[in-house]
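Be aware that the sequence shown starts at 519, since it is given in the working numbering, and climbs by one per residue. No residue lacks a Cβ here, since even glycine has one placed at the ideal position from N, Cα and C. Values in this document were obtained by computation on a predicted structure and should not be read as measured data. Following: one structure in C-alpha cells, then a few remarks.
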Amino acid sequence: MIDFSATVAAIATPPGKGGVALIRVTGPEAFAVADKCFRPSRGTPLSLCPPRTAVRGDIVDGEEVVDDGLALLFPAPHSYTGEDTVEITCHGGLLVTRTVLEVILSAGARLASAGEFTRRAYMNGTLSLTEAEGIGSLLEATSRGQLRLSARESRSRLSQALSALHEELVLVMASLYATIDYPEEDLAQLSREDLTQRLTEAQHTMRALLATYKTGRTIAEGIPTVICGRPNVGKSSLYNLLCCEDAAIVTDVAGTTRDVLERTVALGDLTLHLSDTAGIHETEDLVERIGVERSCAKIEESQLVFAVFDASESLTDEDLRLIDALRGTSATVVAILNKWDLPHADMQAVEDAFSHVLTLSAKTGDTAPLALLVRDLFTDGAVQVGQDAILSNARQYASLATALEQLTYALEALAAGVPADVACGDLEAAIGSLSMLDGREVSQEVVDRIFSHFCVGK
Ligand code: GDP
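Structure (C-alpha cells):
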C-alpha cells in the first residue's frame, strides 16, 4: 500500500547523458528536504526564496558539493501535484543525476512510484481522472493527432463537458427529491416538464460524446494495418514510403519479404500499426510458406488492408486470388494501383471489386492522398480534434454508455408517471457512472491500473 502522505522524489527526465536532468520533490516536507540538499548561492535558504523563480545554487551532501544547478519552488496548491513541490535541475549525466537523487532521498524523501506525481495531482483535485489519462496518452503519442487529442485544451474540454453533465444531473435529482420529501411545499424550482427537458438535453449531449469515440479511439490506439499483394507489386516500397526509410528490403527478386515486418508509423494525423507481409501466393518454399500463413492471419487481425497491385502489368491469377480472398474480410480494404508512374494496364477488375481505390507511385509519389482517404474512412469529419471534447478510451466509453442507459431509464420513468423516487434511483445510478468516469468515485483497482502505465517521475 503506497503512503501518499509521504514526501517523494524522482528523476523526471529519461535516464542517459543529456544537457540537464530534472528531479522533482513533492509532499509536505518537500521544502525542508530541499533546504537540506540545495544551498542557494545568495545564502538565503531555498524555502525562503520567492516561489516559481529560478534559484541558482549548489547541491550538497552534507558539506560535499555534488553538483550545481537551479531550483524552483512551487508552494501548494499551485503546483502540478497540488502539494509543495521543488524542481531541481542538475547536470544530465547518469551518475550525477543518480547521486543528486540519492542525496535528496537521504534528506528525507522516498522514491516516487510510477505515475505518483500525476496520481497525487488527481488525488488532490488538480486533475480529473480523464485529464490524468490524457497526460498518460500525451507521453505515449506517436502522431500529431494523438498529440492534439491529449493536449491540455482537449483534456480540459472533456473534463468540463463531464463536469457540466454531472452538475446537471445532480441539480435535476435534487429538484426531484425536493418534490418527494416536501410534496406539500413548493420547493421544487423546476417543473416536471422542465426536468424532463433538461434530462433530454443531457441525453443528447451524452449521445454526441459517445459518438466521438470512433474518432478518439482510432487516433488514440492507431489502426492495425496490413500491406498485402503478390510478389513484386511494390509492397516493400510502400512500406518504406510509409516508414520514410529503408526498413524492408526492396528488390527485383520476387518473394524477398518472407515474413511479416511490423512498425508503428504516422500517416497524416493517424497512427498505423503496419505489417508488410509476404505476398499471398502459393509457394513450395517452406520459409516463405510460413510467411504466407502469417500474412493471412494478419489480415484477419487488421482493421485496414492496403491491397497492392502492379498497375504497369496486367492482373495475374494471383492478383485475382487476392481480390477473392479479400472479399470476406471485415477490415476496410484500400486497393492501391501502384507503379502509376509507368504506363498502366487495365485494372477494371480491381476498380469493380473495391470501393476504395487509389493510384500511387510508391517509388516517386507521396502519401498525402492516402492519408486523406484513411482519415476520411476512420474518423468522423464532424469531430474537431483539439477543439471538441472527445472520448478516447474504452473505460471512458463504457462508463458513459452506462450513464446514458441509466439516464434513459430515468426519463422513461418520468414519462410513465411513476413515483419520482424511481427516476431518482436511476438518476443516482447515472451520476454514479459519471463519477466513475471522471474519477470522483472510482475503485482503487481502476486507479492503480491507470497509473501503472505511467513512468517514474511523471
Ligand atoms: P514487393 O515484392 O511487393 O515488396 O515489391 P518491392 O517493393 O520489392 O518492389 C518490386 C520492384 O518494383 C522494385 O524494383 C521496386 O523498385 C519497383 N517498384 C515498386 N514500386 C514502384 C513504383 O511505384 N514505380 C516503379 N516504377 N517501380 C516500383
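Is residue i near residue j, with beta carbons less than 8 Å apart?
i: A530; j: V543; result: no
i: E605; j: L623; result: no
i: Y640; j: A632; result: no
i: S677; j: D939; result: no
i: V538; j: H609; result: yes
i: R893; j: D787; result: yes
i: L855; j: V823; result: no
i: E601; j: R638; result: yes
i: A863; j: L840; result: no
i: S793; j: T743; result: yes
i: T847; j: I817; result: yes
i: D906; j: Y927; result: no
i: L588; j: T607; result: yes
i: L683; j: A720; result: yes
i: G752; j: D870; result: no
i: L785; j: L888; result: yes
i: L932; j: R710; result: yes
i: L891; j: V852; result: yes
i: A627; j: T525; result: yes
What three-state label does DSSP hand residue i in the structure shown?
i: G752; result: coil
i: S631; result: coil
i: V868; result: helix
i: F969; result: helix
i: G536; result: strand
i: F522; result: coil
i: D835; result: helix
i: D842; result: helix
i: P742; result: strand
i: S624; result: helix
i: E601; result: coil
i: I653; result: helix
i: L855; result: strand
i: C761; result: helix
i: V783; result: strand
i: V826; result: strand
i: I908; result: coil
i: T774; result: Its pLDDT being 47, under 50, T774 is placed unreliably in this model, and the value from its coordinates should be taken loosely. Looking at T774 - three-state DSSP - the assignment turns out to be coil, as it is neither helix nor strand.
Quick test of your reading: residue i and residue j, contact by CB under 8 Å. State the CB separation rounded to the nearest angstrom.
i: L918; j: M691; result: Actually they are not in contact, since the Cβ atoms of L918 and M691 sit about 18 Å apart, beyond 8 Å.
i: W1039; j: S832; result: The displayed coordinates of the chain run from 519 to 976. Any statement about residue 1039 would go beyond what the structure contains.
i: T733; j: I520; result: Rounded, the Cβ-Cβ distance is 35 Å, inconsistent with contact.
i: V901; j: T730; result: 5 Å
i: A948; j: Q924; result: 4 Å
i: S672; j: G899; result: Not really, about 17 Å apart at Cβ, beyond 8 Å.
i: T997; j: A548; result: Outside the shown range of the chain (519 to 976) lies residue 997, about which nothing can therefore be said.
i: G580; j: S559; result: Rounded, the Cβ-Cβ distance is 18 Å, inconsistent with contact.
Taking just the CA atoms, how far does residue j sit from residue i?
i: D882; j: T834; result: Residue identity differs from the one stated: residue 882 is Thr in this sequence, not Asp. Approximately 24 Å, taken between the alpha carbons.
i: P593; j: L667; result: 30 Å
i: S910; j: L728; result: 10 Å
i: F969; j: T636; result: 8 Å
i: R557; j: V621; result: 13 Å
i: L564; j: E634; result: 24 Å
i: S873; j: G663; result: 26 Å
i: A527; j: R675; result: 31 Å
i: T660; j: R670; result: 17 Å
i: L657; j: L665; result: 9 Å
i: Q715; j: A679; result: 18 Å
i: T718; j: Q914; result: 21 Å
i: T877; j: P861; result: 12 Å
i: S951; j: T920; result: 7 Å
i: G545; j: L645; result: 17 Å
i: D837; j: Q821; result: 21 Å
i: D884; j: K535; result: 37 Å
i: I741; j: V936; result: 47 Å
i: A843; j: V614; result: 59 Å
i: R748; j: A630; result: 53 Å
i: E780; j: Q866; result: 31 Å
i: K554; j: F522; result: 22 Å
i: G773; j: C746; result: Caution is warranted here: a pLDDT of 47 is assigned to G773, below 50, making its placement in the model unreliable, and no coordinate value can be reported.
i: Y598; j: G611; result: 25 Å
i: S655; j: I737; result: 11 Å
i: A849; j: E739; result: 16 Å
i: Q962; j: E946; result: 21 Å
i: P533; j: I541; result: 11 Å
i: R958; j: P595; result: 19 Å
For the ligand FAD, is there any heavy atom lying closer than 7 Å to the beta carbon of residue i?
i: G846; result: The model depicted lacks the ligand FAD and carries the ligand GDP instead.
Examine chain C for any beta-carbon lying closer than 8 Å to the beta-carbon of residue i, and answer yes or no.
i: F635; result: No chain C is present in this structure, which holds just one protein chain.
Q: Taking only runs that begin and end inside the region 921-960, name each unbroken alpha helix (DSSP H) of 4 or more residues, in chain order.
A: Entirely contained in the region 921-960, the alpha helix (DSSP H) runs reaching 4 residues are, in chain order, 938-956.
Write down every uninterrupted run of the alpha helix (DSSP H) in the region 545-581 whose length is 4 residues or greater and which is fully enclosed by it, in chain order.
548-555
Counting only runs that start and end within the region 656-740, where is the alpha helix (DSSP H) found for 4 or more residues in a row? 662-668, 670-699, 710-729, 731-739
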